[in-house]
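Asks:
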Amino acid sequence: MDRLDNTIRPYAWGSTTAIPRLLGAEPSGEPQAEMWMGAHPGAPSRTARGTLVEVVEAAPERELGEKAVAKFGPRLPFLLKILAAGAPLSLQVHPNLEQAKEGYADEERRGIPVDAPNRNYKDANHKPELICALTEFDGLCGFRDPLEAAELLAGLGVDSLKPYVDLLHAHPEEAALREVLTAILTADPEEMRHTVTAAAATTRPTPTSPTTTRATPVSSRPCSSTTSDSSRARPCSSAPASRTRTSTGSASRSWPTPTTSCAAA
3 MDRLDNTIRP YAWGSTTAIP RLLGAEPSGE PQAEMWMGAH PGAPSRTARG
53 TLVEVVEAAP ERELGEKAVA KFGPRLPFLL KILAAGAPLS LQVHPNLEQA
103 KEGYADEERR GIPVDAPNRN YKDANHKPEL ICALTEFDGL CGFRDPLEAA
153 ELLAGLGVDS LKPYVDLLHA HPEEAALREV LTAILTADPE EMRHTVTAAA
203 ATTRPTPTSP TTTRATPVSS RPCSSTTSDS SRARPCSSAP ASRTRTSTGS
253 ASRSWPTPTT SCAAA
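Residues 3 to 267 in this note's numbering are what the sequence shown spells out, letter by letter.
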């Protein structure tokens, strides 16, 4: 058995305390968003025998087993991450396997460095994911039906949301989602800030209505990042979206929230 020395990714959305607390270490004051455990070439775990990439390459069948090598090739086929979010994560779209292979090959042909900020495909693999909550957290996954989303937004009674309601009514399902998401992402940030503030204000309890609650109809539509055969990659965090609450028995809700995410590497 090898003891792993793992890389911690300092992405800006990371918590400054959650991973240090998990490791029993003193916080550095800097964000620590993800701890990677695996053989990803960008940040492989280190052992006394070398990096995990080197260990696997030296004797893949011994390290991984014959069946794993026969199915996935001479590489560790997953990446285990500890995620600790201290702020909302960026919107992400994950490709299926065919899209990942084509995109990676295209950027390699064009000579875009793997670490370039405009590089989309860092490797040729898709990103199906499994997640295990270490504490309670809320996750947004997939989209509500456009008409259901339109009804929910209209019910907030915020004038600046009306253009989005109209877009959701005006197009077939996939076109409606594409149009409204494009409109949201390209909206003036200050105007969107006012819209969000106004919408949030309508959900807060008032002295005359102490039992006011948010309407959050649940969608059973899965997030496309967990599948590899979708014909169109969809964002896995957006509004309006379905809400999933997961708990592993935490006594109280805490934020930032460390989670374990296992992605195909």
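Quick reminder that beta carbons are idealized off the backbone N, C-alpha and C, glycines included. This structure is a prediction, so every number in the text was calculated from the model and none was measured.
With a 10 Å radius around its C-beta and 16 neighbouring C-beta atoms as the bar for buried, classify VAL116 as buried or exposed.
Replies: exposed
Asks: Alpha carbon to alpha carbon, what distance is there between THR184 and ALA151?
Replies: 16 Å
Asks: Would the segment 27-44 and the segment 53-64 be scored as touching if the rule is three or more Cβ pairs under 8 Å?
Replies: Enough Cβ pairs lie closer than 8 Å, so yes.
Asks: Nearest to ILE133 by CA position, among GLN101, ILE186, LYS83, is which residue?
Replies: Nearest C-alpha to ILE133: LYS83.
Asks: Based on the DSSP secondary-structure assignment, which residues constitute the bridge partners of GLN34?
Replies: As DSSP reads the structure, GLN34 sits in a beta bridge with SER17.
Asks: Work out the CA separation of HIS128 and LYS73 for me, nearest whole Å.
Replies: 16 Å
Asks: Specify, as a first and last residue, the run of the beta strand (DSSP E) that ASP140 falls within.
Replies: 139-143
Asks: For THR204, count neighbouring Cβ atoms within 10 angstroms of its own Cβ and tell me buried if that reaches 16, exposed if not.
Replies: exposed
Asks: Compute the Euclidean distance between the alpha carbons of LEU163 and TRP15, then round it to the nearest angstrom.
Replies: Inter-residue distance for LEU163 and TRP15 is about 27 Å (C-alpha atoms, whole angstroms).
Asks: Pick helix, strand or coil for HIS95, following the three-state DSSP scheme.
Replies: The sequence shown places Val at residue 95, not His. Three-state DSSP puts VAL95 in a strand.
Asks: Leaving out five residues on either side along the sequence, give the residues of the same chain with a beta carbon under 7 Å from the beta carbon of ASN8.
Replies: If you ignore the 5 residues before and after ASN8, its C-beta comes within less than 7 Å of the C-beta of MET37, TRP38, MET39, SER47, all in its own chain and listed in chain order.
Asks: Give me the DSSP bridge partner(s) of THR49.
Replies: GLY52
Asks: Give a yes or no on contact between the segment 62-71 and the segment 82-96, applying the rule of three or more CB pairs nearer than 8 Å.
Replies: no
Asks: If you run the structure through DSSP and keep just helix, strand and coil, what is THR204?
Replies: coil
Asks: Opposite MET3 in the DSSP bridges: which residues?
Replies: Per DSSP, none; premise fails for MET3.
Asks: How far does the beta strand (DSSP E) with THR184 in it extend, from its first residue to its last?
Replies: Careful: THR184 lies outside any beta strand (DSSP E), inside the alpha helix (DSSP H) at 175-187.
Asks: Measuring CB to CB, does LEU179 end up less than 8 Å from PRO148?
Replies: Yes.
Asks: Measuring only the C-alpha atoms, how far is TYR106 from VAL95?
Replies: 15 Å
Asks: CB-CB under 7 Å to PRO169, same chain, minus the five flanking residues each way: which ones, in chain order?
Replies: Note that residue 169 corresponds to Leu in the displayed sequence, not to Pro. Excluding sequence neighbours, LEU169 sits near ALA178, GLU181, VAL182, ALA185.
Asks: Out of GLY157, VAL58, ALA126, GLY75, which one is the CA nearest neighbour of LEU99?
Replies: ALA126
Asks: Do ARG5 and THR49 have their C-beta atoms closer together than 8 Å?
Replies: yes
Asks: Of the choices PHE145, THR18, ASP108, HIS171, whose alpha-carbon is the least far from that of GLU153?
Replies: Distances from the alpha-carbon of GLU153 to those of PHE145, THR18, ASP108, HIS171 put HIS171 closest.
Asks: Where does the unbroken beta strand (DSSP E) through ARG11 begin, and where does it stop?
Replies: 9-11
Asks: Alpha carbon to alpha carbon, how far is ARG77 from VAL198?
Replies: Each residue's Cα considered, the two are about 45 Å apart.
Asks: Using a 10 Å radius around the Cβ and a threshold of 16 neighbouring Cβ atoms, would you call THR137 buried or exposed?
Replies: buried
Asks: Does DSSP put GLY159 in a helix, a strand or coil?
Replies: Of the three classes helix, strand and coil, the one that applies to GLY159 here is coil, per DSSP.
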